[in-house]
Amino acid sequence: MYDNLLRTDTGGNAKGMSLTTLVAFSDDVALVATGHTSHILETVCNNTLDIVSECMRRAVL
Numbered sequence: 270m271y272d273n274l275l276r277t278d279t280g281g282n283a284k285g286m287s288l289t290t291l292v293a294f295s296d297d298v299a300l301v302a303t304g305h306t307s308h309i310l311e312t313v314c315n316n317t318l319d320i321v322s323e324c325m326r327r328a329v330l
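Read in order, the letters of the sequence shown correspond to residues 270 to 330 in our numbering.
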């Protein structure tokens with residue numbers, strides 16, 4: 270169900286200062302993110318959530 274989403278590049282690596290990944294189990298998806306500062310963390314999370322939202326919209330989920 271979420272294969273395409275999990276293969277999507279979340280682009281969360283901000284010059285080695287952050288990391289994002291998507292984890293799925295059953296019908297749930299979680300965003301796991303790290304950031305060197307709260308500003309970086311907020312930025313990469315928001316960018317990743319925009320990507321996830323677009324993927325879900327295209328999949329009509």
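For glycine and all other residues, C-beta sits at the position ideal for the given N, C-alpha and C.
This structure is a prediction, so every number in the text was calculated from the model and none was measured.
Under 8 Å between C-beta atoms of residue i and residue j
i    : j    : result
V292 : Y271 : no
V313 : S287 : yes
C324 : N273 : yes
First through last residue of the beta strand (DSSP E) which encompasses residue i
i    : result
T279 : It is not in any beta strand (DSSP E) - T279 carries neither H nor E in the DSSP assignment.
V331 : With the chain running from 270 to 330 in the structure shown, residue 331 is simply not present.
V298 : D297 to G304
Exposure of residue i, with buried meaning 16 or more beta-carbon neighbours within 10 Å
i    : result
T303 : exposed
T290 : exposed
T317 : buried
T306 : exposed
Segment limits, alpha helix (DSSP H) that includes residue i
i    : result
G329 : The residue asked about is misnamed: residue 329 is Val in this sequence, not Gly. Neither: V329 is in no alpha helix (DSSP H) and is coded neither H nor E.
Closest by C-alpha distance to residue i, when choosing among the options
i    : options                   : result
I309 : K284, F294, R326 and E323 : K284
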